[in-house]
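Residue numbers (this note's numbering): 65 to 539.
Where is the CB? At the ideal position from N, CA and C, for every residue including glycine.
Here's the structure we're looking at; comments come further down.
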């Protein structure tokens, strides 16, 4: 009997021990299930976040053009998450075309002095604060100074410092600060993939990247890099994708019509111009005898005011003005130029189709004056297939053949009075300009005369945005 009781005690102890062991194993098993479930959820969220980040890139590529990019609307919901597509920095306030300080979200990663791109304008700056570029020189490199809206992207730009042949793999530049290397850079229409860099060189570069053509690039050629980072969040997971994009190749601008008129000591000048087609742009060039400081105070087409692009005086001899209008009304409508005082005037109007309606001006305007028989001014185009338009004013009775590559669109002389009071007014076009770069606009006067010359480039409608590289950013 005592033996049975002893055995029963041992059995109870063994049973308790087994229950404890099984309980402990159960806790471990449940813990593994919990950890596995948590890990599985995180893995799913991380995968979704990567897809959302990629979706952000695809959305931007399909709905935006470069270099015209704004942070407005760059944060969006997609599926179970959100994405934000950001740039190196962006404007924090609207700026005018003459602003000398450029307010931005941050200057981190940019050199202490250098060049930046906002839309199609290049800006040189002499210094920085934590949140601004200071001492700005607007419209650098032959680009046109323009107003820009808060949220618009700011990208780094540098320039070639040693002439570059078509096979060199080391690119000498002013500074590589602000560029993501390894990465892709763009010079004119050529993409280059560079795997390393020093402070002033891009090295180990593959030329003619992404099907572009390796080319010769001269000192002063601009070097661009448009970097976007798409950051996505799904639940607790965050994934980021860095892309490098290029502006889509420009479509074709087509010249549409030309019209012109002249007046002798008139307060206004008016003529009709027929506009048709899509993606329209109208430019008016004015040549004035400004002996009493006369200027154009207003230019309209079908009653709609044109925007003054710029003007220049050659003393009290002659004056040139350029005016433009995006999306002018179709039909045969009057162009009317109103003057500050009676003057001798020649006006010409040119209409085009296939012009970018969001950023019509590609570069310039650029102006020059002189007293010679060889008027000349150079516009440095930014976009492939841009067109350049110029207007000339010269004193007295001279003929003015246009320079090589140009098509003369009008060539008029004022009438009445003495010959010394007359002016010659003329206008021409050159396009499409490919690849982008310096486009000289020249004239050959039949005699030495005081002259003024202005030129501007217009940009074709972009055909999309090119994805040139893609990588995940590992935080």
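Original post:
Do you know offhand how far residue 318's Cα is from residue 490's?
Top reply: Walking along the chain shown from the start, residue 318 turns up at place 254. Walking along the chain shown from the start, residue 490 turns up at place 426. If I take the Cα positions, the gap works out to 20 Å.
**OP:** Can you check DSSP and say which residues form a bridge with residue 257?
**Re:** Numbered from 1 along the chain shown, position 193 holds the residue referred to as residue 257. According to DSSP, which records beta bridges pairwise, residue 257 is partnered with 248, 270.
Original post:
What separation, rounded to the nearest whole angstrom, lies between the Cα atoms of residue 466 and residue 507?
Top reply: Counting from one through the chain shown, the residue named residue 466 turns up at place 402. Counting from one through the chain shown, the residue named residue 507 turns up at place 443. Cα to Cα, the separation comes out at about 5 Å.
Subject >> When 366, 385, 368 are compared against residue 375, the one with the closest alpha-carbon >> reply: The residue given as residue 375 occupies position 311 in the chain shown. Per the Cα distances, 385.
Subject >> For residue 263, the first and last residue of its enclosing beta strand (DSSP E) >> reply: Stepping through the chain shown from its first residue, residue 263 is reached at position 199. Residue 263 -> no beta strand (DSSP E), and no H or E assigned at all.
Original post:
Going by C-alpha distance, which of 495, 363, 526, 141 is nearest residue 298?
Top reply: Start at 1 with the first residue of the chain shown, and residue 298 comes out as number 234. Considering only alpha carbons, the answer is 141.
**OP:** Within 10 angstroms of the Cβ of residue 418, are there 16 or more other Cβ atoms? Answer buried if so, exposed if not.
**Re:** As a first step, residue 418 must be located in the chain shown, where it is residue number 354. Under this definition residue 418 is a buried residue.
Original post:
With DSSP run on the structure shown, which of helix, strand or coil describes residue 303?
Top reply: Walking along the chain shown from the start, residue 303 turns up at place 239. Strand at residue 303.
Original post:
For residue 459, which residues of its own chain have a beta-carbon under 7 Å away from its beta-carbon, when the five flanking residues on both sides are left out?
Top reply: To locate residue 459, count along the chain shown from 1; it is residue 395. Hits under 7 Å: 381, 382, 487, 513, 514.
**OP:** For my contact list, residue 279 and residue 231 are in at a C-beta cut-off of 8 Å; report their separation, rounded to the angstrom.
**Re:** The residue given as residue 279 occupies position 215 in the chain shown. The residue given as residue 231 occupies position 167 in the chain shown. About 11 Å; that fails the 8 Å criterion.
Subject >> residue 188 - partner residues in DSSP beta bridges >> reply: The sequence position of residue 188 within the chain shown is 124, counting from 1. Residue 188 pairs with 179, 201.
**OP:** Measuring alpha carbon to alpha carbon, tell me which of 390, 519, 214 ends up nearest residue 421.
**Re:** Along the chain shown, read from residue 1 onward, the residue named residue 421 stands at position 357. Considering only alpha carbons, the answer is 390.
Original post:
With DSSP run on the structure shown, which of helix, strand or coil describes residue 386?
Top reply: The residue given as residue 386 occupies position 322 in the chain shown. Looking at residue 386 - three-state DSSP - the assignment turns out to be strand.
Subject >> CB contact flag (residue 444, residue 205, <8 Å) >> reply: Locating residue 444 in the chain shown gives position 380, where the first residue counts as 1. Locating residue 205 in the chain shown gives position 141, where the first residue counts as 1. Yes, they are a contact pair.
Original post:
Going by beta carbon distance, what residues of the same chain come within less than 6 Å of residue 510, once the five residues before and after it are set aside?
Top reply: Taking the first residue of the chain shown as 1, we reach residue 510 at position 446. Cβ neighbours of residue 510 beyond the five flanking positions: 462, 463.
Subject >> C-beta contact flag for residue 155 and residue 216 at 8 Å >> reply: As a first step, residue 155 is located in the chain shown; it is residue number 91 there, counting from the start. As a first step, residue 216 is located in the chain shown; it is residue number 152 there, counting from the start. Yes, Cβ-Cβ distance for residue 155 and residue 216 is below 8 Å.
**OP:** Tell me whether residue 246 is buried or exposed, calling it buried when 16 or more other Cβ atoms sit within 10 Å of its Cβ.
**Re:** Numbered from 1 along the chain shown, position 182 holds the residue referred to as residue 246. Flag for residue 246 reads exposed.
Original post:
With 16 as the cutoff for other CB atoms within 10 Å, does residue 222 come out buried or exposed?
Top reply: The sequence position of residue 222 within the chain shown is 158, counting from 1. Answer is buried; the Cβ neighbour count reaches 16.
**OP:** Output the distance between the C-alpha atoms of residue 333 and residue 439, rounded to the nearest integer angstrom.
**Re:** Within the chain shown, the letter at position 269 stands for residue 333. Within the chain shown, the letter at position 375 stands for residue 439. Looking at the two C-alpha atoms, the distance is approximately 25 Å.
Subject >> Simplified DSSP assignment, three categories, for residue 174 >> reply: The sequence position of residue 174 within the chain shown is 110, counting from 1. If DSSP states are grouped into helix, strand and coil, residue 174 belongs with coil.
Original post:
Do residue 23 and residue 424 have their CB atoms nearer than 8 Å?
Top reply: Because residue 23 is not part of the residues shown, which for the chain are 65 to 539, the question remains open.
Subject >> Secondary structure of residue 320, DSSP reduced to three states >> reply: Taking the chain shown and counting its residues from 1, one reaches residue 320 at position 256. In this structure, residue 320 counts as strand in the three-state DSSP scheme.
**OP:** Identify, in the order they occur along the chain, each residue of the same chain with its Cβ nearer than 6 Å to the Cβ of residue 470, setting aside the five sequence neighbours on each side.
**Re:** As a first step, residue 470 is located in the chain shown; it is residue number 406 there, counting from the start. Excluding residues within five positions, the ones whose Cβ falls inside 6 Å are 492, 494.
Original post:
Using the rule of at least 16 other Cβ atoms within 10 Å of the residue's Cβ for burial, across every protein chain shown, is residue 109 buried or exposed?
Top reply: Numbered from its first residue, the chain shown carries residue 109 at position 45. Flag for residue 109 reads buried.
**OP:** Taking only the alpha-carbon atoms, compute the straight-line gap between residue 234 and residue 504 and give it to the nearest angstrom.
**Re:** Here the question's residue 234 lines up with position 170 in the chain shown. Here the question's residue 504 lines up with position 440 in the chain shown. Straight-line Cα distance between these residues: approximately 29 Å.
**OP:** Find out if the Cβ-Cβ distance for the pair residue 579, residue 290 is shorter than 8 Å.
**Re:** This structure leaves residue 579 out entirely; the chain is present only between 65 and 539.
Original post:
What is the DSSP secondary structure of residue 348, reduced to helix, strand or coil?
Top reply: Residue 348 sits at position 284 when you count from the first residue of the chain shown. Residue 348: strand per DSSP, three-state reduction.
**OP:** Provide the residue span of the beta strand (DSSP E) that contains residue 219, from first to last.
**Re:** One-based indexing of the chain shown puts residue 219 at position 155. Taken as a continuous stretch (DSSP letters only), the beta strand (DSSP E) holding residue 219 covers 217-223.
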